[in-house]
Amino acid sequence: MRQTGLGPALIALALTAFLAACGAAPKLASVLRSPLPVASPSSSPSPSSGAPVSAAPAKQLRAAWPGAFFSVRLPDDKSAYALDDALDATHLVVTAWPAKRADKASIDVLDTETGKLRKVATMPEAGMLTRVWVSDRYAVLVTLPSGAESQRIWAVSLDDGHVTEVKGVGDAMGSPAAILGDTLYYASAVRGGVFRVGLPGGGTPEPVEGSQGLFLVSWPWAADQSPANVSPSDVSSDVMTKYLAEVLGNPLSDLSIDAKVNQTRLINLETGEVRPVVPAPGVTHLRCGPEWCRGRDAAGRDVVQRPNGTALALLPGRPVGGDGPIDRFFIVLRPASTAQEWDTLVYDARTGTTGLGPTSQVIDAGGAPTSGLARAPYLISCSDGCDAPLSGVNLRAVR
Numbered sequence: 009m010r011q012t013g014l015g016p017a018l019i020a021l022a023l024t025a026f027l028a029a030c031g032a033a034p035k036l037a038s039v040l041r042s043p044l045p046v047a048s049p050s051s052s053p054s055p056s057s058g059a060p061v062s063a064a065p066a067k068q069l070r071a072a073w074p075g076a077f078f079s080v081r082l083p084d085d086k087s088a089y090a091l092d093d094a095l096d097a098t099h100l101v102v103t104a105w106p107a108k109r110a111d112k113a114s115i116d117v118l119d120t121e122t123g124k125l126r127k128v129a130t131m132p133e134a135g136m137l138t139r140v141w142v143s144d145r146y147a148v149l150v151t152l153p154s155g156a157e158s159q160r161i162w163a164v165s166l167d168d169g170h171v172t173e174v175k176g177v178g179d180a181m182g183s184p185a186a187i188l189g190d191t192l193y194y195a196s197a198v199r200g201g202v203f204r205v206g207l208p209g210g211g212t213p214e215p216v217e218g219s220q221g222l223f224l225v226s227w228p229w230a231a232d233q234s235p236a237n238v239s240p241s242d243v244s245s246d247v248m249t250k251y252l253a254e255v256l257g258n259p260l261s262d263l264s265i266d267a268k269v270n271q272t273r274l275i276n277l278e279t280g281e282v283r284p285v286v287p288a289p290g291v292t293h294l295r296c297g298p299e300w301c302r303g304r305d306a307a308g309r310d311v312v313q314r315p316n317g318t319a320l321a322l323l324p325g326r327p328v329g330g331d332g333p334i335d336r337f338f339i340v341l342r343p344a345s346t347a348q349e350w351d352t353l354v355y356d357a358r359t360g361t362t363g364l365g366p367t368s369q370v371i372d373a374g375g376a377p378t379s380g381l382a383r384a385p386y387l388i389s390c391s392d393g394c395d396a397p398l399s400g401v402n403l404r405a406v407r
């Protein structure tokens, strides 16, 4: 994928909404982060070799994952669409804004096989939609109402469209989060640890036993260090930060994480299992999911590895943003030949396959939809009509 201007930035929905409100209408690639059981890659180096494997040459997305590629036309009676999550291999959760009533956004489900868009519910209030978490039963919305200073949480039934406010959470809810049955699990935004609350109506949040002092990575896994992978000392060399600084004038100078400190253990909050994290020689900034980690080697190159220190491989670009790993799939940016242009690549750590757009629409919910982590949606502007088909890859369909 090659984009210009605001195109390739993978940033939070809050920034997306801000830019859209200002008329910028950026096109943002979507990355949904979920655990995915994977086999060991066949091309991995031996644990003692210390030499990372280079990524294979990039293929177009359609060629890289033909069974997961889709192309549909969206109705052009809306001003914009945002792709929020993948329910399964053929259904996406979409936020749609009416052309003349931006305060009446709706939560829809798009069938990528038929192209049909099914309205589920209307947004409960005007304001900014900052997060969407999805399971097979609910969409949990995090909103910032117009003129308000505190966020509100809503549970939308994907069966009947009923909208219920999730009480007792508010600004205490951080990221990531996961929905399992009728329970919402989330990282605390104010005091660390992991909490749970019932859906749809909420109540008094309960701390998850054994989560004190830990950071949620991908339910039920937590780690002893924040999943964030960027700290102030890294800002000058981070591709995304450079991009934001150049285009938006935002150097992200308020980050306060010492990302060079590796995570050392992963803890399963359901079973109590502890997995040691072993960095490959010279690797720092190590952030892990249950199957894969990413970090930087002694030369400053971005790499992936297994939590046990094996399967070291070079990433074909700089991972987007400062979040932790996305398990099997990694979204990276690579400078293109023209100034202010970037290529967005999707790297499969299991197979070494690298996919290059033709578009930046990449919907990735690798494992069970009940455990999706943070992501930045793809915003599609239809101010001039939606004549071009929406095409991309749903990585939930990759086998």
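Residues 9 to 407 (my numbering) make up the sequence shown, in order.
We put the beta carbon where it would ideally sit given N, CA and C, even for glycine.
Check: When we look at the beta-carbon of GLY155 and count the other beta-carbons within 10 Å, is it buried (16 or more) or exposed?
Finding: As a first step, residue 155 must be located in the sequence shown, where it is residue number 147. Result: exposed.
Note to self: Here's a check: name, in chain order, each residue in its chain whose Cβ is nearer than 7 Å to the Cβ of ASN276, leaving out the five neighbours to either side.
What the structure shows: On the sequence shown, residue 276 is found 268 positions in, with the first residue counted as 1. Within the same chain, ASN276 has close Cβ partners PRO228 and TRP229.
Next item on the list: Could you say which of PHE223, VAL202, GLN159 and SER226 lies nearest to PRO215 if we only look at CA atoms?
Entry: Here residue 215 refers to the residue found at position 207 when the sequence shown is read from its first residue. Answer by Cα proximity: VAL202.
Note to self: For the beta strand (DSSP E) containing ARG139, name the first residue and the last one.
What the structure shows: Within the sequence shown, the letter at position 131 stands for residue 139. Residues 135–142.
Notebook entry, point to check: Cα-Cα, which of TRP73, PRO287 and LEU274 is closest to THR361?
Noted result: Your numbering for residue 361 matches position 353 in the sequence shown. Among TRP73, PRO287 and LEU274, the Cα nearest to that of THR361 belongs to TRP73.
Check: Do you know how far the Cα of LEU166 is from the Cα of ASN258?
Finding: Residue numbering aside, residue 258 sits at position 250 when the sequence shown is read from its first letter. Residue numbering aside, residue 166 sits at position 158 when the sequence shown is read from its first letter. Legend: pLDDT at ASN258 = 38, less than 50; position of this residue unreliable, value from coordinates given subsequently. In a straight line, the C-alpha of ASN258 is about 37 Å away from that of LEU166.
Check: For ARG407, is the classification buried or exposed, using 16 other Cβ atoms within 10 angstroms of its Cβ as the cut-off for buried?
Finding: Within the sequence shown, the letter at position 399 stands for residue 407. The residue is exposed, with fewer than 16 neighbouring Cβ atoms inside 10 Å.
Notebook entry, point to check: Which word fits SER234, buried or exposed, when buried means at least 16 other C-beta atoms lie within 10 angstroms of its C-beta?
Noted result: Taking the first residue of the sequence shown as position 1, residue 234 is located at position 226. Buried: at least 16 other Cβ atoms inside 10 Å.
Notebook entry, point to check: Curious, which full-length beta strand (DSSP E) runs of at least 3 residues does the segment 186–239 contain?
Noted result: 191–196, 202–206, 223–226 and 229–231
Margin query: Assuming the contact rule is C-beta atoms closer than 8 Å, THR103 and ASP92 should be a hit. Round their C-beta distance to whole Å, please.
Written below: For the purposes of this step, residue 103 is taken as the residue at position 95 of the sequence shown. For the purposes of this step, residue 92 is taken as the residue at position 84 of the sequence shown. Sure, about 6 Å apart at Cβ, within 8 Å.
Item checked: LEU69, enclosing beta strand (DSSP E) - first and last residue -> Position 61 of the sequence shown holds residue 69. Note, LEU69: premise wrong, no beta strand (DSSP E); alpha helix (DSSP H) at 69–72.
Next item on the list: Would you tell me roughly how many angstroms separate the C-alpha atoms of VAL117 and ALA129, rounded to the nearest one?
Entry: As a working note, residue 117 is residue 109 in the sequence shown. As a working note, residue 129 is residue 121 in the sequence shown. If I take the Cα positions, the gap works out to 10 Å.
Notebook entry, point to check: Whose C-beta lies closer than 8 Å to the C-beta of GLU278 among residues of the same chain, with five residues either side of it excluded?
Noted result: Locating residue 278 in the sequence shown gives position 270, counting from the first residue. Same-chain partners within the cutoff: PRO228.
Notebook entry, point to check: Which class does GLY317 belong to by DSSP, given the choice of helix, strand or coil?
Noted result: Translated into the one-based positions of the sequence shown, residue 317 becomes position 309. Here GLY317 sits in coil by DSSP.
Notebook entry, point to check: Is the segment 287–302 close to the segment 61–75, with three or more CB pairs under 8 Å?
Noted result: no
Next item on the list: State the DSSP-derived secondary structure class of ARG283, mapped to helix, strand or coil.
Entry: The sequence position of residue 283 within the sequence shown is 275, counting from 1. Strand at ARG283.
Next item on the list: Classify ARG326 as helix, strand or coil using the three-state DSSP reduction.
Entry: In the sequence shown, the residue the question calls residue 326 occupies position 318. Three-state result, ARG326: strand.
Next item on the list: Would you identify the three-state DSSP class for LEU277, choosing helix, strand or coil?
Entry: As a working note, residue 277 is residue 269 in the sequence shown. Note: LEU277 maps to coil in three-state DSSP.
Checklist line | Beta-carbon separation (whole angstroms), SER196 vs GLY211, contact threshold 8 Å | finding: Here residue 196 refers to the residue found at position 188 when the sequence shown is read from its first residue. Here residue 211 refers to the residue found at position 203 when the sequence shown is read from its first residue. With a Cβ gap of about 16 Å, SER196 and GLY211 do not count as contacting.
Check: With a CB to CB cut of under 6 Å and the five nearest residues on each side skipped, what residues in its chain are close to PRO284?
Finding: For the purposes of this step, residue 284 is taken as residue 276 along the sequence shown, with counting starting at 1. Once the five neighbours on either side are set aside, the close Cβ partners of PRO284 are ARG273.
Next item on the list: Provide the residue span of the beta strand (DSSP E) that contains VAL401, from first to last.
Entry: Stepping through the sequence shown from its first residue, residue 401 is reached at position 393. Its beta strand (DSSP E) spans residues 398–402.
Item checked: Residue nearest to TRP141 in terms of C-alpha spacing, selected from ASP310, ALA94 and ALA113 -> Sequence index remark: in the sequence shown, residue 141 carries index 133 (1-based). Ranking the options by Cα distance to TRP141, first place goes to ALA94.
Margin query: By the three-class DSSP mapping on this structure, what secondary structure does ALA180 have?
Written below: Counting from 1 along the sequence shown, the entry for residue 180 is found at position 172. Three-state result, ALA180: helix.
Check: Hey, how far is the Cα of PHE337 from the Cα of GLY189?
Finding: In the sequence shown, counting from the first residue as 1, residue 337 sits at position 329. In the sequence shown, counting from the first residue as 1, residue 189 sits at position 181. If you take the alpha carbons of PHE337 and GLY189, they lie about 26 Å apart.
Checklist line | Identity of the residues DSSP links to VAL150 by a beta bridge | finding: Walking along the sequence shown from the start, residue 150 turns up at place 142. Answer is ARG139 and ILE161, bridged to VAL150.
Checklist line | Per DSSP, cross-strand counterpart(s) of VAL311 | finding: Counting from one through the sequence shown, the residue named residue 311 turns up at place 303. DSSP, once it has assigned bridges, lists GLY303 and LEU322 as partnering VAL311.
Check: LEU364 and ASP356: beta carbons closer than 8 Å?
Finding: The sequence position of residue 364 within the sequence shown is 356, counting from 1. The sequence position of residue 356 within the sequence shown is 348, counting from 1. Not a contact, by the Cβ cut-off of 8 Å.
Item checked: Inter-residue spacing [alpha-carbon to alpha-carbon] between ARG326 and PHE78 -> Along the sequence shown, one-based indexing puts residue 326 at 318. Along the sequence shown, one-based indexing puts residue 78 at 70. Distance between the alpha carbons of ARG326 and PHE78: 26 Å.
Item checked: GLY75 (DSSP reduced to helix, strand or coil) -> As a first step, residue 75 is located in the sequence shown; it is residue number 67 there, counting from the start. Three-state result, GLY75: helix.
Next item on the list: Quick one: measure Cβ to Cβ for VAL225 and VAL205, integer angstroms, because I've assumed they're closer than 8 Å.
Entry: Counting from one through the sequence shown, the residue named residue 225 turns up at place 217. Counting from one through the sequence shown, the residue named residue 205 turns up at place 197. The pair is not a contact, with the Cβ atoms about 20 Å apart (cut-off 8 Å).
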